[in-house]
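Below: one structure, written as structure tokens.
2 protein chains.
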Amino acid sequence: MFESVTIKDIAKALGVSVSTVSRALNGSYEIGSDTKKLVLEYAEKINYRPNPIALSLKEQKSHSIGVVVCEVANDYFSQAINGIESIAYNRGYHVIITQTHESFDRENANVKHLLSRHVDGLLVSLSAQTTDTSQFKYLLDKGFPIVFFDRAAPGLETHKVVADNFKGAFEATETLIKAGYKKIAHVTNSNNLLISQERLDGYKAALHQYGLEFSPEHVKYCNHGGKIIEEVEIAINELLSSVTRPDAIFSGSDKLTISCMGILKKLQLKIPDDIELAGFTNSDVVQLFDPPLTVVRQPAFEMGQVATELLIKTIESKWRVEEFKTEKMPPEIIIR
Amino acid sequence: MFESVTIKDIAKALGVSVSTVSRALNGSYEIGSDTKKLVLEYAEKINYRPNPIALSLKEQKSHSIGVVVCEVANDYFSQAINGIESIAYNRGYHVIITQTHESFDRENANVKHLLSRHVDGLLVSLSAQTTDTSQFKYLLDKGFPIVFFDRAAPGLETHKVVADNFKGAFEATETLIKAGYKKIAHVTNSNNLLISQERLDGYKAALHQYGLEFSPEHVKYCNHGGKIIEEVEIAINELLSSVTRPDAIFSGSDKLTISCMGILKKLQLKIPDDIELAGFTNSDVVQLFDPPLTVVRQPAFEMGQVATELLIKTIESKWRVEEFKTEKMPPEIIIR
DNA sequence: CTGAAAGCGCTAACAA
DNA sequence: TTGTTAGCGCTTTCAG
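From first to last, the protein sequence lines are chains U and S.
According to my numbering, the residues represented by the first sequence are 69 to 404, in order.
According to my numbering, the residues represented by the second sequence are 69 to 404, in order.
Shown next as structure tokens:
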């Protein structure tokens, strides 16, 4: 089963040449239909599988796509990977996952590693630390297929699949406002990330629309995206001890929403009685809370699928792709 | 950066032969130290990276390991994959993830797919549907490296990394008993899985030790492991409407614990007032519930790491490995 | 100490 | 229609 038969074995067994076998297998027209049938049947019988490594060496492509995410153990990303895998599998690509753990250096190393593995394209969600995207620019300039999803690099010309972060943030904030909260803080991811900026903008826009003043000290950036719990603790403590102590928090990422919940619980603050919380998350469990949280849920699975489809299309395009689109997918807002 | 330089380019540039370059690069002793230095420095300068595909073809190994799990979007498995990836990355292997979605056919197809990709070894957690493990037996008999983790195949001689399911189940049940619950039901995964049987045994043992009678109608198997929500709903409804309506449920898997919570909530039953729930889960969020659940948490990350270490050791072993161990890792029980 | 050449499995240009 | 052969990048015998 795993010490596979080669085209050579078939050729020998059938007394034909390897090229004949190859042609038969690849459905070339320049071959006698009886020979073809013979080869095909025999190949089927002995369960021949072409060696993808040899093919890769020949074709200079590996039929694999590299994925760069910050973390697998994250509801958003694991769901997105599920979507990625579902498409890739059906298209005959395999998926190589790497994690940055929000480190720029690790991101660089991962990309290099994947490239040295000759992946045919990259599906990337930037690390929270990343500000320098020249590595990606360099590759894109050379025509290497890259699709960003969720955390896209601003200013780079390529396909991007993102959620409508502005809308999600706007609606979550609006929900809090309509529920009567007046001092809404925003705990968010690193300002390096475009998604953070978009979510901040949505938050601001909602405040503005409802006549609430935006105060900068109500925005706390967690530069490690909540990976370091202390940074979230500090943020929350600062908010709670400030003169303008917020009555609600809108959190800007999956990990942060969970972290905030944990910290508030540790501080023995009840949600929503002592302080209200709403935020981005793809955790299904959060919706089981009583009372449940108002959450913004990204279509992670679908985003993974769409990104993978775009990537494979780019990879398999005969000509260099010059027209890129940004798929902005609607988030789902689940109001308590 | 990605149209890599080859050994040939170096040879040409330096006016030596490819074999000399190869030898220098591989630190062969049969080479002049000055030639060696020359090559090494030049290779460094032009940032030469050997082509792993060519190496694979040559060595007949791919430096990749295949992972077969039921689902990525599952806290246990995503954490385990995190552990797998952490070890594999450092050892120069890449990880190819496939999902069975609890289907035996898909499991088979995935294994075939990975094999045709010439992975050097397999990390497997069986699907809930699997009863026939002859595919794995066949491979193992041929000396192909496979390590099972979490859901291991009974009767197959190979490394296994599992949690102490008996202990975890025993302690969770014991906790419920000590809290005064007398009619404790057990909602669990497919009976095909060894882990289900072990967890059932732990549950039974606890009942027995505390003088509670075991009643078979209190055990509900969900053959799709909670993937199909209806099957869990039916199980719960049956339990609730039986004459011996339980006062607590002990759930046997990550997905089931979450599903049970959702269903109970939907039925407007309060935990623990109307019915108590305890179960296996690796979700961090569950611990934020108020009151929190008593949960059994498997050392997923560590299990992934240990399994990967064992696998790589087997792969790289010069001789066929004949001695196998089963690492039984302690679960963590988090008592509310 | 170094080079030439075969071979890993496959495709495709070239010959027949 | 079929066969022969070169070559993808690399290692490794075998000669020198």
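Glycine residues also receive a C-beta, built at the ideal position from the N, C-alpha and C atoms.
Check                                                                                                                : Outcome
When S/VAL84, S/ASN115 and S/LYS113 are compared against S/GLY462, the one with the closest alpha-carbon             : The structure shown does not extend to residue 462 of chain S, since chain S spans only 69 to 404, so no value can be given for it.
As assigned by DSSP and simplified to three states, the class of S/SER132                                            : strand
Cα-Cα separation between S/MET69 and U/HIS186, rounded to whole angstroms                                            : For S/MET69, the predicted model reports a pLDDT of 49, less than 50, meaning its position is unreliable; a value from the coordinates is still stated below. If I take the Cα positions, the gap works out to 11 Å.
Any chain S beta carbon closer than 9 Å to U/SER197                                                                  : A quick correction: the sequence has Gln, not Ser, at residue 197 of chain U. So, not an interface residue.
Unbroken alpha helix (DSSP H) run spanning S/VAL374, endpoints                                                       : 368–384
Straight-line Cα distance separating U/ASP77 from U/VAL86                                                            : 9 Å
Whole-angstrom C-beta distance between S/THR243 and S/ALA221, which should lie under 8 Å                             : 30 Å between Cβ atoms; not a contact.
9 Å Cβ cutoff met for S/THR376 and S/ALA156                                                                          : yes
Classification of S/ASP342 by the beta-carbon crowding that lies within 10 angstroms, buried from 16 upward          : exposed
9 Å Cβ cutoff met for S/VAL136 and S/LEU191                                                                          : yes
Interface residues of chain U facing S/SER277 [CB-CB closer than 9 Å]                                                : The sequence shown places Gln at residue 277 of chain S, not Ser. The premise fails here: S/GLN277 is roughly 32 Å from chain U at the closest Cβ pair, so nothing lies under 9 Å.
Per DSSP, the bridge partner or partners of U/GLN167                                                                 : U/VAL137
S/TYR271 beta carbon less than 9 Å from that of S/THR241                                                             : yes
Chain S within 9 Å of U/ILE164, Cβ atoms only                                                                        : yes
Cβ pair S/ILE380, S/GLY189 closer than 9 Å                                                                           : yes
Residues of the segment 321–354 of chain U with Cβ closer than 7 Å to any Cβ of chain S, in chain order              : ILE326, MET329, GLY330, LYS333, SER351, ASP352, VAL353 and VAL354
C-alpha distance - S/ASN484 paired with S/GLN203, whole-angstrom precision                                           : What is shown of chain S runs 69 to 404, which leaves residue 484 of chain S out entirely.
Three-state secondary structure assigned by DSSP to U/LEU275                                                         : helix
Given 8 Å, three or more beta-carbon pairs between the segment 385–402 of chain S and the segment 213–232 of chain S : yes
Under 9 Å between C-beta atoms of U/ASP352 and S/ILE326                                                              : yes
Expected contact under 8 Å - CB spacing of S/VAL140 and U/GLU153 to nearest Å                                        : 7 Å
Test: S/PHE369 CB closer than 9 Å to a CB of chain U                                                                 : yes
U/ARG185 at chain S interface by Cβ criterion, 9 Å                                                                   : yes
Own chain residues within Cβ distance below 6 Å of U/ILE304, not counting five before or after                       : ILE331
Simplified DSSP assignment, three categories, for U/ARG174                                                           : helix
Per DSSP, the bridge partner or partners of U/ARG365                                                                 : U/GLU400
Test: S/HIS181 CB closer than 9 Å to a CB of chain U                                                                 : yes
Beta carbon proximity, U/SER264 to chain S, threshold 9 Å                                                            : no
Cα-Cα separation, S/GLU390 to S/ASN176                                                                               : 25 Å
Three-state secondary structure (DSSP) of S/PHE234                                                                   : helix
Whether S/ASN350 touches U/SER146 by CB criterion (9 Å)                                                              : no
Assigned secondary structure, U/ASN150 (DSSP; H/G/I helix, E/B strand, else coil)                                    : helix
Within chain U, the residues that S/SER146 reaches when beta carbons sit closer than 7 Å                             : VAL140, ALA141 and SER146
CB contact check: S/VAL389 to chain U, cutoff 9 Å                                                                    : no
U/ASP102 at chain S interface by Cβ criterion, 9 Å                                                                   : no
Same chain, Cβ closer than 6 Å to U/LYS295, five either side skipped, listed in chain order                          : GLU170
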